[in-house]
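A.B. asks: Have a look at the structure that comes next, please.
Number of protein chains: 4
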Amino acid sequence: MRVARQEFAENGFENTSIMQVAKKSGISVGAVYKYFDNKEQLFTYIMHDGLSTLEDMLMELAPSEEDILIKAEKIIRTLLQFSKEQPELVQLYCSLTTGGNTEFLNQLSQRIEAVTASIYTRTIAVAQETGEVRKDINPAFFAYLLDNVFMMLQFSTACPYYKERFFIYTGKQVEDSDELIVEQTLLFLKAAFNFK
Amino acid sequence: MRVARQEFAENGFENTSIMQVAKKSGISVGAVYKYFDNKEQLFTYIMHDGLSTLEDMLMELAPSEEDILIKAEKIIRTLLQFSKEQPELVQLYCSLTTGGNTEFLNQLSQRIEAVTASIYTRTIAVAQETGEVRKDINPAFFAYLLDNVFMMLQFSTACPYYKERFFIYTGKQVEDSDELIVEQTLLFLKAAFNFK
Amino acid sequence: MRVARQEFAENGFENTSIMQVAKKSGISVGAVYKYFDNKEQLFTYIMHDGLSTLEDMLMELAPSEEDILIKAEKIIRTLLQFSKEQPELVQLYCSLTTGGNTEFLNQLSQRIEAVTASIYTRTIAVAQETGEVRKDINPAFFAYLLDNVFMMLQFSTACPYYKERFFIYTGKQVEDSDELIVEQTLLFLKAAFNFK
Amino acid sequence: MRVARQEFAENGFENTSIMQVAKKSGISVGAVYKYFDNKEQLFTYIMHDGLSTLEDMLMELAPSEEDILIKAEKIIRTLLQFSKEQPELVQLYCSLTTGGNTEFLNQLSQRIEAVTASIYTRTIAVAQETGEVRKDINPAFFAYLLDNVFMMLQFSTACPYYKERFFIYTGKQVEDSDELIVEQTLLFLKAAFNFK
DNA sequence: AATGAATGAGCATTCATTCAT
DNA sequence: TATGAATGAATGCTCATTCAT
Numbered sequence: 037m038r039v040a041r042q043e044f045a046e047n048g049f050e051n052t053s054i055m056q057v058a059k060k061s062g063i064s065v066g067a068v069y070k071y072f073d074n075k076e077q078l079f080t081y082i083m084h085d086g087l088s089t090l091e092d093m094l095m096e097l098a099p100s101e102e103d104i105l106i107k108a109e110k111i112i113r114t115l116l117q118f119s120k121e122q123p124e125l126v127q128l129y130c131s132l133t134t135g136g137n138t139e140f141l142n143q144l145s146q147r148i149e150a151v152t153a154s155i156y157t158r159t160i161a162v163a164q165e166t167g168e169v170r171k172d173i174n175p176a177f178f179a180y181l182l183d184n185v186f187m188m189l190q191f192s193t194a195c196p197y198y199k200e201r202f203f204i205y206t207g208k209q210v211e212d213s214d215e216l217i218v219e220q221t222l223l224f225l226k227a228a229f230n231f232k
Numbered sequence: 037m038r039v040a041r042q043e044f045a046e047n048g049f050e051n052t053s054i055m056q057v058a059k060k061s062g063i064s065v066g067a068v069y070k071y072f073d074n075k076e077q078l079f080t081y082i083m084h085d086g087l088s089t090l091e092d093m094l095m096e097l098a099p100s101e102e103d104i105l106i107k108a109e110k111i112i113r114t115l116l117q118f119s120k121e122q123p124e125l126v127q128l129y130c131s132l133t134t135g136g137n138t139e140f141l142n143q144l145s146q147r148i149e150a151v152t153a154s155i156y157t158r159t160i161a162v163a164q165e166t167g168e169v170r171k172d173i174n175p176a177f178f179a180y181l182l183d184n185v186f187m188m189l190q191f192s193t194a195c196p197y198y199k200e201r202f203f204i205y206t207g208k209q210v211e212d213s214d215e216l217i218v219e220q221t222l223l224f225l226k227a228a229f230n231f232k
Numbered sequence: 037m038r039v040a041r042q043e044f045a046e047n048g049f050e051n052t053s054i055m056q057v058a059k060k061s062g063i064s065v066g067a068v069y070k071y072f073d074n075k076e077q078l079f080t081y082i083m084h085d086g087l088s089t090l091e092d093m094l095m096e097l098a099p100s101e102e103d104i105l106i107k108a109e110k111i112i113r114t115l116l117q118f119s120k121e122q123p124e125l126v127q128l129y130c131s132l133t134t135g136g137n138t139e140f141l142n143q144l145s146q147r148i149e150a151v152t153a154s155i156y157t158r159t160i161a162v163a164q165e166t167g168e169v170r171k172d173i174n175p176a177f178f179a180y181l182l183d184n185v186f187m188m189l190q191f192s193t194a195c196p197y198y199k200e201r202f203f204i205y206t207g208k209q210v211e212d213s214d215e216l217i218v219e220q221t222l223l224f225l226k227a228a229f230n231f232k
Numbered sequence: 037m038r039v040a041r042q043e044f045a046e047n048g049f050e051n052t053s054i055m056q057v058a059k060k061s062g063i064s065v066g067a068v069y070k071y072f073d074n075k076e077q078l079f080t081y082i083m084h085d086g087l088s089t090l091e092d093m094l095m096e097l098a099p100s101e102e103d104i105l106i107k108a109e110k111i112i113r114t115l116l117q118f119s120k121e122q123p124e125l126v127q128l129y130c131s132l133t134t135g136g137n138t139e140f141l142n143q144l145s146q147r148i149e150a151v152t153a154s155i156y157t158r159t160i161a162v163a164q165e166t167g168e169v170r171k172d173i174n175p176a177f178f179a180y181l182l183d184n185v186f187m188m189l190q191f192s193t194a195c196p197y198y199k200e201r202f203f204i205y206t207g208k209q210v211e212d213s214d215e216l217i218v219e220q221t222l223l224f225l226k227a228a229f230n231f232k
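Chains as they are written, first to last, in the working numbering: chain A, 37 to 232; chain B, 37 to 232; chain C, 37 to 232; chain D, 37 to 232.
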């Protein structure tokens, strides 16, 4: 499983070879097919497995009652750390975004996005009511923009292409610029949301 | 060309087969190799072709002396329109983000990002001097955040996964929500950059 | 293996197709690649296999303390017999002489020639000291000439072109003229080396 | 034609591409097929062309009435020089020796070898009668051995494999060791034939 | 006469999947 | 239950040959 996750993360679905996964795992191809009917099932399993980890993490952050800016900082730091410790999961997620449009991919995306979408949207709506966030914004759309920021934060930490892109912009490896990222992202969000 | 663009956009570089492209185009594989030395060259040609179109469009916008908010609106509308008219090109770009790490893909990405990176960074830096944008932000990092916003705008318009994701957040097809997107994105950027 | 040896012998390295080898062997291409990583490895294996046989045979002859003329006769008879029993191996070697200049073919040739070169040269040098061979000759060059004689003996027995050429000269099939070959070649060498 | 000769010499029949020949010649493939029905015919033409040159050269040497040792030295020097000046022809000849056993190759070999075979055999037979060469040898077989020596001389000068082999034996590039070759080869032949 | 675009079979190699052991 | 040998279709690419211009 660990090997499969690594391989899928590194090479994407199509370019991952079950023979390679089996060899690196020290088991036989036959054994893989004992537990999974085909490559797609193996991939699905790995994805669901990874998603659970990801969701657990986000769930921990959500319910706290802290100041919204402090919460945001916590989320940013957590996402950064998670992307560094488990880059494969983030890469796996990223690889999903360019996969073909199969039924099972759609289901996965529903599962991934639906949770955060509703959490963020509700949080913003509530904050609007309490006056913490300005009232002239569309909560759903701003939730979307917020998630974009968070998603890119993770991709830029874990995925080769986005890492390189970050480097082109800031001239620094993502690893070396944690404080810059946290500080500037908060500045950005604070103004954008008019956080009080 | 059209077929090749579609195939590359749908399957990415690695998983597009020249044999398939040839078959769908109704020509022979040999004919493809008459005009392109190899798959990489075909891909590069198609990418450069699309990039030039995009760059031309952006270049037209860049030097104008207009109010920065008006400029931003123009860029957003341009990108949205481009993504709708040439979704394959955006998908192509998106497919790059999960492709393998070959030398030639890296060069391509350099070209794509380097141009916008320098334009955005410089624009922000200049706007800081004229007082149009607040001075406590890092121009390079904010250029990066700005490009994130623009990139996601395009992906959400053209790429299946991001389209679906947008729908999950806002409950609307991207096609139907142009005005929402323009208005809210500008609101977001205006506050974030403290545009005057 | 047998089929591969035949095909390589007949067509040389470049012009032997693994698909053909597999088909003629009644197995699938995949099966070939199960045992050999690539064409080069298959070729190398077959060559080394054959070379070992030949080298073993020559090694047995080398260290003996017999009269040098008797030794020469033994070598000639051994080579003739080997060429008749394993013509494919000799053809294989011959095919090397016109093959492309790839790294791995060069290494193969180094192995083939280096062994006999040093054995022959040393043998001649020693024989010069004991007075068995005249002293006015260059041991290395005469070793080269000697190997030429032996090599042509084998090629003429096993390779179509050289067989035909032998026939043009002597009017006899090589198979039918063993005694002539042994007798006359010894006469030739004896005089040339002034064997005592 | 010049280009075709070079290509065939360098790559052999199978690995020479008519498209490459046409491109390097600056003419179209169609033009090649105007004059030659197929690749085999082109090759045959080139071979016959080259052979004429080769034969002309040998013919000049044959009829002289000089001392047989002097003649031999002339032949050796001529062959060496020829191989250096026109290595392609020699390589072409060498490539013949490993080609498949087609009808047209057999005819070529007949043409190439028959002439020298009869000249050498007759020369030796005559020399035996005049007492210049000892009488206990078979003229045809010794003619064959003699041609072996000459052939190897040419191959070792012009063909990559045999050049390398020569180097392994003597430690010198063939180019640098002309005098050694002439001197030692004569020593070898003189003794072998017991030239007076 | 000359061109060169087009064809399509061929090659080395990979890999998802099956199945006898 | 577990193995891994075997299959064969698929891929990127080449090239002898044809034929409309």
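Even glycine gets a Cβ: it sits at the ideal position worked out from N, Cα and C. In this text the structure is predicted, and so the values were computed from the model without any measurement.
Looking at the C-beta of D172 of chain B, does it have a partner C-beta in chain A at a distance below 9 angstroms?
C.D. replies: Numbered from 1 along the second sequence, position 136 holds the residue referred to as residue 172 of chain B. D172 of chain B counts as touching chain A.
A.B. asks: So is M187 of chain D buried or exposed if we call it buried at 16+ other beta carbons inside 10 Å?
C.D. replies: Against the fourth sequence, residue 187 of chain D aligns to sequence position 151. So M187 of chain D counts as buried.
A.B. asks: Check each candidate in B:L90, B:N47, B:E76, B:G207 and name the one with the smallest Cα separation from E149 of chain B.
C.D. replies: For this step, residue 149 of chain B is matched to residue 113 along the second sequence. Checked all of B:L90, B:N47, B:E76, B:G207; the closest Cα to E149 of chain B is B:L90.
A.B. asks: Any chance the stretch 196–203 of chain B sits against the stretch 74–94 of chain B, with 3 or more Cβ pairs inside 8 angstroms?
C.D. replies: no
A.B. asks: Taking the Cβ atom as the reference point for each residue, do C237 of chain D and T134 of chain C lie within a distance shorter than 9 angstroms?
C.D. replies: Beyond the ends of chain D as shown, which are 37 and 232, falls residue 237 of chain D; an answer cannot be given.
A.B. asks: Between L97 of chain C and the rest of its own chain, which residues show a CB-CB distance below 8 angstroms, the 5 nearest in sequence each way excluded?
C.D. replies: In the third sequence, counting from the first residue as 1, residue 97 of chain C sits at position 61. These residues qualify, in order along the chain: K107, K110, I111, T114.
A.B. asks: Counting only beta-carbon atoms, is S131 of chain B nearer than 9 angstroms to chain A?
C.D. replies: Numbered from 1 along the second sequence, position 95 holds the residue referred to as residue 131 of chain B. Closer than 9 angstroms: yes.
A.B. asks: Of the choices C:Y198, C:S154, C:T166, whose alpha-carbon is the least far from that of G207 of chain D?
C.D. replies: The sequence position of residue 207 of chain D within the fourth sequence is 171, counting from 1. Out of C:Y198, C:S154, C:T166, the CA that lies nearest to the CA of G207 of chain D is found in C:S154.
A.B. asks: If we count Cβ pairs, one from each stretch, closer than 8 angstroms, do we get three or more for the stretch 173–181 of chain A versus the stretch 211–227 of chain B?
C.D. replies: yes
A.B. asks: Out of C:E46, C:A67, C:N51, C:I63, point me to the one whose CA is closest to N47 of chain D's CA.
C.D. replies: Numbered from 1 along the fourth sequence, position 11 holds the residue referred to as residue 47 of chain D. Nearest C-alpha to N47 of chain D: C:N51.
A.B. asks: Look at the Cβ atom of V169 of chain D, then the Cβ atom of F224 of chain D, and state whether they are nearer than 9 angstroms.
C.D. replies: Position 133 of the fourth sequence, counted from the start, is the residue given in the question as residue 169 of chain D. Position 188 of the fourth sequence, counted from the start, is the residue given in the question as residue 224 of chain D. It is not a contact, given that the beta carbons lie outside the stated cut-off.
A.B. asks: Using the C-alpha atoms, what's the distance from R158 of chain C back to L144 of chain C?
C.D. replies: Position 108 of the third sequence, counting from 1, holds the residue named residue 144 of chain C. Position 122 of the third sequence, counting from 1, holds the residue named residue 158 of chain C. When rounded, the distance between both Cα atoms is 22 angstroms.
A.B. asks: Please work out which residues of its chain come closer than 6 angstroms, Cβ to Cβ, to G86 of chain C, disregarding the five sequence neighbours upstream and downstream, and give them in chain order.
C.D. replies: Reading the third sequence from its first residue, position 50 is the one you call residue 86 of chain C. L125.
A.B. asks: By alpha-carbon positions, which one of D:L78, D:L216, D:P123 ends up nearest to D23 of chain C?
C.D. replies: The question about residue 23 of chain C has no answer here: the residues shown for chain C are numbered 37 through 232.
A.B. asks: My output table needs one value for S166 of chain C: the three-state DSSP class, helix, strand or coil.
C.D. replies: Looking up residue 166 of chain C in the third sequence gives position 130. This sequence places Thr at residue 166 of chain C; Ser is not what is there. Note: T166 of chain C maps to coil in three-state DSSP.
A.B. asks: Which residues of chain D have a Cβ atom closer than 9 angstroms to the Cβ of F224 of chain C, listed in chain order?
C.D. replies: The count along the third sequence starts at 1 and reaches residue 224 of chain C at position 188. Those are I173, F177, F178, L181, A228, F229, listed as they occur along chain D.
A.B. asks: So, at 6 angstroms on beta carbons, what are the nonlocal neighbours of Q127 of chain B in its own chain, with the 5 sequence-adjacent residues on each side left out?
C.D. replies: For the purposes of this step, residue 127 of chain B is taken as residue 91 along the second sequence, with counting starting at 1. Once the five neighbours on either side are set aside, the close Cβ partners of Q127 of chain B are A45, A194, C195.
A.B. asks: Note down, in chain order, every chain D residue with its Cβ under 8 angstroms from the Cβ of V185 of chain C.
C.D. replies: As a position in the third sequence, residue 185 of chain C is number 149, starting the count at 1. Within chain D, the residues near V185 of chain C are L181, N184.
A.B. asks: Kindly indicate which residue of D:K60, D:E76, D:D92, D:A161 has the alpha-carbon position closest to the one of L141 of chain D.
C.D. replies: The residue labelled residue 141 of chain D in the question sits at position 105 within the fourth sequence. Of D:K60, D:E76, D:D92, D:A161, the residue nearest in Cα terms is D:E76.
A.B. asks: Between the stretch 197–215 of chain B and chain A, which residues of the former have a C-beta closer than 8 angstroms to a C-beta of the latter?
C.D. replies: Y197, Y198, E200, R201, F202, I204, Y205, T206, G207
A.B. asks: Measure from the alpha carbon of Y197 of chain A to the alpha carbon of each residue in B:I63, B:G136, B:I54, then state which is nearest.
C.D. replies: For the purposes of this step, residue 197 of chain A is identified with residue 161 of the first sequence, where counting begins at 1. Closest option to Y197 of chain A, Cα to Cα, is B:G136.
A.B. asks: Have a look at B:K59, B:R38, B:L94, B:Y71 and flag the residue whose alpha-carbon is nearest the alpha-carbon of Y156 of chain B.
C.D. replies: As a working mapping, residue 156 of chain B is identified with position 120 in the second sequence. Minimum Cα distance to Y156 of chain B is reached at B:L94.
A.B. asks: Could you tell me the alpha carbon to alpha carbon distance between E165 of chain D and K120 of chain D, rounded to whole angstroms?
C.D. replies: Counted from its first residue, the fourth sequence places residue 165 of chain D at position 129. Counted from its first residue, the fourth sequence places residue 120 of chain D at position 84. C-alpha separation (whole angstroms): 36 angstroms.
A.B. asks: Going along chain D in order, which residues have a C-beta closer than 7 angstroms to the C-beta of M188 of chain C?
C.D. replies: Here the question's residue 188 of chain C lines up with position 152 in the third sequence. Close partners of M188 of chain C in chain D (Cβ separation under 7 angstroms): N184.
A.B. asks: Is the beta carbon of L78 of chain C less than 9 angstroms from the beta carbon of V65 of chain C?
C.D. replies: By 1-based counting over the third sequence, the position of residue 78 of chain C is 42. By 1-based counting over the third sequence, the position of residue 65 of chain C is 29. Cβ distance not < 9 angstroms, so L78 of chain C and V65 of chain C don't count as in contact.
A.B. asks: What are the residues of the stretch 46–64 of chain A that lie near chain B, defined by any Cβ-Cβ distance shorter than 8 angstroms?
C.D. replies: Of all residues in the stretch 46–64 of chain A, the ones placed with a Cβ closer than 8 angstroms to any Cβ belonging to chain B are N47, G48, E50, N51, in chain order.
A.B. asks: With a 10 Å radius around its C-beta and 16 neighbouring C-beta atoms as the bar for buried, classify Q117 of chain A as buried or exposed.
C.D. replies: Start at 1 with the first residue of the first sequence, and residue 117 of chain A comes out as number 81. By the 10 Å Cβ count, Q117 of chain A comes out exposed.
A.B. asks: In chain order, which beta strand (DSSP E) runs of at least 3 residues are fully inside the stretch 148–214 of chain D?
C.D. replies: none
A.B. asks: Residue range of the alpha helix (DSSP H) that T89 of chain C falls in?
C.D. replies: As a working mapping, residue 89 of chain C is identified with position 53 in the third sequence. Element bounds for T89 of chain C: 75–97.
A.B. asks: Relative to the alpha-carbon of V210 of chain D, which residue among D:P123, D:I54, D:Q42 has its alpha-carbon at the smallest distance?
C.D. replies: Numbered from its first residue, the fourth sequence carries residue 210 of chain D at position 174. Taking only the C-alpha atoms, the option nearest V210 of chain D is D:P123.
A.B. asks: Just checking my contact of A227 of chain C with A227 of chain D at CB under 8 angstroms: how many whole Å lie between their CB atoms?
C.D. replies: Within the third sequence, the letter at position 191 stands for residue 227 of chain C. Within the fourth sequence, the letter at position 191 stands for residue 227 of chain D. Yes, A227 of chain C and A227 of chain D are in contact; Cβ-Cβ is about 5 angstroms, under 8 angstroms.
A.B. asks: Quick one, which of C:N74, C:F72, C:V39 has its alpha-carbon nearest K59 of chain C's?
C.D. replies: One-based indexing of the third sequence puts residue 59 of chain C at position 23. Answer by Cα proximity: C:V39.
A.B. asks: Classify F229 of chain B as helix, strand or coil using the three-state DSSP reduction.
C.D. replies: Locating residue 229 of chain B in the second sequence gives position 193, counting from the first residue. The answer is helix: DSSP assigns F229 of chain B an H, G or I state.
A.B. asks: Helix, strand or coil, according to DSSP, for S64 of chain B in the structure here?
C.D. replies: Here residue 64 of chain B refers to the residue found at position 28 when the second sequence is read from its first residue. Note: S64 of chain B maps to coil in three-state DSSP.
A.B. asks: Over the uninterrupted alpha helix (DSSP H) stretch that includes T134 of chain A, give me the two end residues.
C.D. replies: Against the first sequence, residue 134 of chain A aligns to sequence position 98. It is not in any alpha helix (DSSP H) - T134 of chain A carries neither H nor E in the DSSP assignment.
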